[in-house]
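Protein chains: 2
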Amino acid sequence: MEETIPNWLTKRAHLTPDRIALKFKGEEYSFQCVYDQSLKIARQLKGLHLKEGDFVGVLLKNHADTVFILFGLQLLGVKTILLNNRLTADELVYQLKDSKAKCLIYEQSFDFVVKNINKQILADLMTISKEALFGLEEQEVNAKEEFCLENVCTVMYTSGTTGRPKGVLQTYGNHWWSAIGSMLNLGLREGDCWLLSVPFFHISGFSILIRGVIYGITVVLHESFDEKAANDAIIHDRVTIMSVVSTMLVKMVDHLKDQSYPAYFRCMLLGGGPAPRTLLETCAKKQIPVFQTYGMTETASQIVTLAPEYSLSKLGSAGKPLFLAQLKIKTVTGNEAAPYETGEIVVKGPNVTKGYLNKMNETKEKIQAGWLYTGDIGYLDHEGFLFVLDRRSDLIISGGENIYPAEIESVLLGHAKVDDAGVIGVDDVKWGQIPVGFVVLKSNANVNENDLLEYCQKKLAKYKVPKKIIFLQQLPRNASRKLLRRKLRDYYR
Amino acid sequence: MEETIPNWLTKRAHLTPDRIALKFKGEEYSFQCVYDQSLKIARQLKGLHLKEGDFVGVLLKNHADTVFILFGLQLLGVKTILLNNRLTADELVYQLKDSKAKCLIYEQSFDFVVKNINKQILADLMTISKEALFGLEEQEVNAKEEFCLENVCTVMYTSGTTGRPKGVLQTYGNHWWSAIGSMLNLGLREGDCWLLSVPFFHISGFSILIRGVIYGITVVLHESFDEKAANDAIIHDRVTIMSVVSTMLVKMVDHLKDQSYPAYFRCMLLGGGPAPRTLLETCAKKQIPVFQTYGMTETASQIVTLAPEYSLSKLGSAGKPLFLAQLKIKTVTGNEAAPYETGEIVVKGPNVTKGYLNKMNETKEKIQAGWLYTGDIGYLDHEGFLFVLDRRSDLIISGGENIYPAEIESVLLGHAKVDDAGVIGVDDVKWGQIPVGFVVLKSNANVNENDLLEYCQKKLAKYKVPKKIIFLQQLPRNASRKLLRRKLRDYYR
Chain D
3 MEETIPNWLT KRAHLTPDRI ALKFKGEEYS FQCVYDQSLK IARQLKGLHL KEGDFVGVLL
63 KNHADTVFIL FGLQLLGVKT ILLNNRLTAD ELVYQLKDSK AKCLIYEQSF DFVVKNINKQ
123 ILADLMTISK EALFGLEEQE VNAKEEFCLE NVCTVMYTSG TTGRPKGVLQ TYGNHWWSAI
183 GSMLNLGLRE GDCWLLSVPF FHISGFSILI RGVIYGITVV LHESFDEKAA NDAIIHDRVT
243 IMSVVSTMLV KMVDHLKDQS YPAYFRCMLL GGGPAPRTLL ETCAKKQIPV FQTYGMTETA
303 SQIVTLAPEY SLSKLGSAGK PLFLAQLKIK TVTGNEAAPY ETGEIVVKGP NVTKGYLNKM
363 NETKEKIQAG WLYTGDIGYL DHEGFLFVLD RRSDLIISGG ENIYPAEIES VLLGHAKVDD
423 AGVIGVDDVK WGQIPVGFVV LKSNANVNEN DLLEYCQKKL AKYKVPKKII FLQQLPRNAS
483 RKLLRRKLRD YYR
Chain L
3 MEETIPNWLT KRAHLTPDRI ALKFKGEEYS FQCVYDQSLK IARQLKGLHL KEGDFVGVLL
63 KNHADTVFIL FGLQLLGVKT ILLNNRLTAD ELVYQLKDSK AKCLIYEQSF DFVVKNINKQ
123 ILADLMTISK EALFGLEEQE VNAKEEFCLE NVCTVMYTSG TTGRPKGVLQ TYGNHWWSAI
183 GSMLNLGLRE GDCWLLSVPF FHISGFSILI RGVIYGITVV LHESFDEKAA NDAIIHDRVT
243 IMSVVSTMLV KMVDHLKDQS YPAYFRCMLL GGGPAPRTLL ETCAKKQIPV FQTYGMTETA
303 SQIVTLAPEY SLSKLGSAGK PLFLAQLKIK TVTGNEAAPY ETGEIVVKGP NVTKGYLNKM
363 NETKEKIQAG WLYTGDIGYL DHEGFLFVLD RRSDLIISGG ENIYPAEIES VLLGHAKVDD
423 AGVIGVDDVK WGQIPVGFVV LKSNANVNEN DLLEYCQKKL AKYKVPKKII FLQQLPRNAS
483 RKLLRRKLRD YYR
């Protein structure tokens with residue numbers, strides 16, 4: 003097996019230069035054009051003296067420019083840290099420091115947050131707005147003609163059940179195999195066109211970009227999700243595939259009213275956690291071809307997807323592991339579960355991350371003998387279809403964003419007047435779930451809910467800030483002091 | 003990059019057990035059924051005490067049983083030597099001895115040739131008819147759950163320009179990447195169905211079998227090529243893709259008369275050497291979607307194929323190297339050729355063989371730094387499209403001018419009374435070599451040598467016009483209908 007593949011963008015531009023690669027705000031860009039623009043930016047980036055293998059953070063919105071910058075970085079062999087646009091300055095500092103990033107490329111509109119980045123902590127960090135980057139002179143570059151599949155392409159941070167966010171290493175091989183595995187399941191048609199309205203800084207968004215180039219299909223890029231714009235793109239712009247999470251799909255179905263999608267629309271790829279049965283049934287009635295899928299940052303997007311012929315008969319299942327993937331359910335005793343027996347979902351495949359950046363221990367704990375212990379709970383039916391019951395027991399998924407209770411708890415615990423803190427997700431009609439905090443104050447402390455919420459707003463991206471704080475005398479913990487979030491959920495009900 | 007993938011048949015049977023894998027003589031076999039049958043044969047083969055890594059020769063016809071035997075051998079991790087059904091006993095002995103085969107599985111109908119195999123030379127060789135194999139008791143096996151991509155799956159012997167046949171090593175990775183590369187070019191649709199009417203013992207046939215399992219599509223298997231049966235399969239049996247060589251396509255088009263193919267028929271994959279321009283033009287008129295392709299045993303099928311949008315504008319080109327493949331033209335001085343400059347076609351990619359079985363020197367000579375020197379002649383146009391002129395061994399050099407037999411053949415085939423044509427170079431005192439034509443006339447055609455020479459003179463530069471035309475009842479072609487110019491040379495002598 004070869005360890006290198008041709009640079010996917012260079013190869014694609016050579017194979018089908020004139021096909022439309024990207025549509026954004028009414029503009030169309032051919033693969034040749036995307037390549038030319040990306041090479042131009044690689045030449046401009048060269049002036050920043052980046053070396054192959056350096057880490058570069060990008061704080062960029064969904065925009066054609068971002069596509070060119072991301073591919074430009076690949077042409078230089080630079081590793082890209084995709085920063086969530088909603089992070090606070092403190093959160094950004096943590097990720098940039100943890101990854102030892104040489105440079106941060108950002109949009110001018112994020113000036114306010116970049117200004118607050120602590121320059122003392124990040125003495126070596128170069129910061130440059132994309133607008134300034136585009137003004138740099140072009141220099142000679144040795145553009146990468148091949149990618150080594152073992153090399154890191156991107157890093158995306160996720161928080162675990164405990165502690166600080168960890169940088170998930172995504173290699174060129176991870177992205178490549180993910181695209182191939184998806185294609186073997188969903189097929190590939192001439193004229194396919196994928197709507198990208200989720201953020202680039204999530205694997206769901208970035209993976210569409212890579213698939214587009216590998217498949218040679220058009221990506222329709224939206225700045226952000228809007229149900230009317232999404233429905234318009236499907237109905238009027240010949241979009242054939244779209245990636246969504248439940249909250250997006252609910253809005254689209256509502257907006258659609260009595261209309262239906264054209265026959266060429268062939269796949270609504272639904273990820274981001276278990277979908278409400280009512281939504282799936284509504285879609286079945288409206289003949290919207292929903293493909294439930296299960297994946298995560300660590301698997302470079304989908305690892306389990308429901309094959310077309312089972313989309314109705316196995317409603318609610320995430321499907322079977324993709325062609326190159328393997329999956330087991332492990333019970334608490336470490337044995338392989340019997341059909342219908344619940345346990346931890348454990349996966350293996352060439353799309354699975356090699357580990358976390360500079361986190362040897364966490365990597366060893368989560369990845370054993372090539373198997374990733376996802377922390378998610380589910381079971382297999384008698385035919386081997388996966389049903390995901392719960393994400394990491396405590397993971398909160400709010401409007402498609404992953405929120406880790408431990409991260410919010412650690413912020414609350416950092417407050418001088420807080421003695422103990424717990425966070426759970428509670429159901430919400432609009433967002434799917436929202437975080438709610440439980441706090442035990444130190445004796446004689448006089449803070450109220452608003453004080454704590456204001457405090458959180460300074461430390462946490464807005465979507466992570468609890469929507470409510472409930473004060474308790476004591477939190478339910480087991481003998482080894484582990485927080486029993488299940489009991490908090492019972493209490494909340 | 004992982005070095006293993008799941009066993010493709012096991013995985014496919016798990017993913018889509020009920021889809022139709024195979025149609026043969028009116029019978030349909032699901033993927034589950036193919037798996038069950040193959041496992042049964044693996045259990046029966048176990049009684050022959052084959053070890054993983056052993057070589058086993060198969061002398062089998064296109065038949066459902068052959069599919070089960072081939073996959074059964076893979077379940078055991080045994081390496082399969084696919085023996086050409088037309089070989090003489092002497093030729094079989096050579097290949098079985100060269101590969102140190104432990105066992106030969108053959109059809110009872112080949113009894114006569116197997117009886118003539120020299121048992122003294124092959125003292126250790128076990129021979130068993132498939133009919134006897136199917137009577138063996140089943141034994142417990144440890145079926146292979148994963149394939150190591152580096153491991154050899156199959157061996158096919160090819161004759162080079164000189165000397166004895168060489169065993170081309172085809173790894174699981176070669177077959178896997180070949181299937182993926184083809185899919186990235188041709189796409190993959192629900193309902194795709196590939197007609198297999200070329201022999202399994204040629205890579206063109208075997209590769210369809212592997213693609214079928216990886217893609218999860220139906221393979222319609224014919225015992226041998228017949229233009230009426232092939233047209234029927236396309237028109238009545240929902241075949242969407244078919245692999246052909248020129249002579250097959252000529253017959254199909256003739257038989258088709260004024261009929262046309264249904265819209266779902268989307269790809270006539272045309273390999274096996276340069277195609278006559280008249281044939282391509284006829285197909286264009288009839289709206290038959292011809293995809294010219296270039297490949298060989300050493301590249302596990304296609305390595306260059308014409309993308310859909312260029313099938314007409316680049317008529318006659320074999321296309322561009324597939325997504326994972328690279329290609330160069332090397333001039334006689336060893337430099338990379340300029341556009342339109344003729345030279346040797348040199349290719350690289352994960353579908354390219356690691357070498358020839360037990361032939362270190364030949365391997366080193368043909369494969370240098372990962373690049374395979376094909377011995378074939380061609381050029382790239384200014385956009386990087388490959389035009390294959392001829393196989394190097396067939397090149398005729400006359401008075402310092404290069405003459406490509408295929409070019410003359412295509413002219414002869416353009417004559418209304420000519421059914422088949424072949425051209426070779428024969429030694430000549432004055433010119434070094436001169437071209438000689440061999441022609442099969444259509445029944446009741448009344449043309450003579452002079453008529454044909456006059457026709458050629460109108461179409462070809464003088465030095466390319468055959469110095470002689472010899473009329474035959476039939477041209478020597480191998481089982482995949484490839485012209486055997488070597489035999490014409492023998493005949494001429």
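Line order of the protein sequences matches chains D and L. Residue numbering for the first sequence follows my numbering, starting at 3 and increasing by one per position. Residue numbering for the second sequence follows my numbering, starting at 3 and increasing by one per position. Every residue, glycine too, gets a C-beta built ideally from N, C-alpha and C.
| Item | Value |
| --- | --- |
| Check each residue of the segment 14-26 of chain L: if its Cβ is closer than 9 Å to any Cβ of chain D, include it; give the result in chain order. | R14, H16, L17, T18, P19, D20, R21 |
| Would you tell me roughly how many angstroms separate the C-alpha atoms of P201 (chain D) and L329 (chain L), rounded to the nearest one? | 37 Å |
| For chain L, check one thing: does any of its Cβ atoms lie closer than 7 Å to the Cβ of G189 (chain D)? | yes |
| Where do the ends of the beta strand (DSSP E) carrying W10 (chain D) lie? | From DSSP, W10 (chain D) is part of no beta strand (DSSP E) but of the alpha helix (DSSP H) over 10-17. |
| Mind checking who V473 (chain D) pairs with in its DSSP beta bridge? | Looking at the sequence provided, one finds Phe at residue 473 (chain D) rather than Val. DSSP lists D:V441 as partners of F473 (chain D). |
| Is DSSP giving D378 (chain D) helix, strand or coil here? | strand |
| Kindly indicate if chain D contains any beta-carbon less than 7 Å away from that of T211 (chain L). | The residue you asked about is not Thr; residue 211 (chain L) is Leu in the sequence shown. For L211 (chain L), the answer is no, since every Cβ of chain D falls outside 7 Å of its Cβ. |
| State the DSSP-derived secondary structure class of F149 (chain D), mapped to helix, strand or coil. | strand |
| Does any residue of chain D bring its CB to less than 7 Å from the CB of L490 (chain L)? | no |
| Does any CB atom of chain L fall closer than 7 Å to the CB of L326 (chain D)? | yes |
| Can you list, in chain order, the stretches of the beta strand (DSSP E) that have 3 or more residues and sit fully within the segment 261-328 of chain L? | 269-273, 292-298, 303-307 |
| Counting Cβ pairs closer than 8 Å, one from the segment 91-108 of chain L and one from the segment 15-22 of chain L, do we hit at least three? | no |
| To the nearest angstrom, report how far apart I236 (chain D) and L52 (chain D) are at their CA atoms. | 40 Å |
| According to DSSP, is S131 (chain D) helix, strand or coil? | strand |
| At the level of alpha carbons, what is the spacing between F440 (chain L) and V425 (chain L)? | 6 Å |
| Can you say whether T156 (chain L) is buried or exposed, counting buried as having 16 or more other CB atoms within 10 angstroms of its CB? | buried |
| Using the beta-carbon of each residue, which ones in chain L are nearer than 8 Å to Y217 (chain D)? | L186 |
| Do Q304 (chain D) and A320 (chain D) have their C-beta atoms within less than 7 Å of each other? | no |
| Is the beta carbon of I399 (chain D) sitting closer than 7 Å to the one on K466 (chain D)? | no |
| Since T220 (chain L) is in the beta strand (DSSP E), which residue starts that stretch and which ends it? | 220-223 |
| Mapping DSSP to helix, strand and coil, what is Q172 (chain D)? | strand |
| Compare the Cα-Cα distances from F33 (chain D) to each of D:V60, D:A44, D:F73 and report the closest residue. | D:F73 |
| Using a beta-carbon distance below 7 Å, is E451 (chain L) in contact with chain D? | no |
| Using the Cα positions of T160 (chain L) and P323 (chain D), report the straight-line distance between them to the nearest angstrom. | 39 Å |
| Within its chain, find whatever has a CB closer than 6 Å to the CB of T301 (chain D); leave out the 5 residues flanking it on each side and keep chain order. | N353, V354 |
| Tell me whether T173 (chain L) is buried or exposed, calling it buried when 16 or more other Cβ atoms sit within 10 Å of its Cβ. | buried |
| Would you please verify whether the beta carbon of M3 (chain L) is less than 7 Å from any beta carbon of chain D? | Model confidence at M3 (chain L) stands at a pLDDT of 41, short of 50, so the residue's coordinates are unreliable; what they give is reported in the following sentence. So yes, M3 (chain L) belongs to the interface. |
| Please report how far the alpha carbon of T163 (chain L) lies from the alpha carbon of P264 (chain L), in whole angstroms. | Confidence is the limiting factor: at T163 (chain L) the pLDDT is only 41, short of 50, which leaves the residue's position unreliable and the question unanswerable from this model. |
| Please confirm if S356 (chain D) has its CB atom under 7 Å from at least one CB of chain L. | Checking the sequence shown, residue 356 (chain D) turns out to be Lys, not Ser. Judged by the 7 Å Cβ criterion, K356 (chain D) is not in contact with chain L. |
| What did DSSP end up calling W373 (chain L) once you bin it into helix, strand or coil? | strand |
| Since I182 (chain L) meets chain D, which of its residues come closer than 8 Å, beta carbon to beta carbon? | I182 |
| According to the Cβ coordinates, are N337 (chain L) and F203 (chain L) closer than 7 Å? | no |
| Taking the beta strand (DSSP E) that Y108 (chain D) falls in, what are its first and last residues? | 105-108 |
| Give, in chain order, every residue of the segment 372-401 of chain D whose Cβ lies closer than 9 Å to some Cβ of chain L. | G372, E385, G386 |
| Under a CB-based cut-off of 7 Å, is I305 (chain L) close to chain D? | no |
| Listed from N- to C-terminal order along the chain, which residues in the segment 93-118 of chain D have their beta-carbon within a distance smaller than 7 Å of any beta-carbon of chain L? | none |
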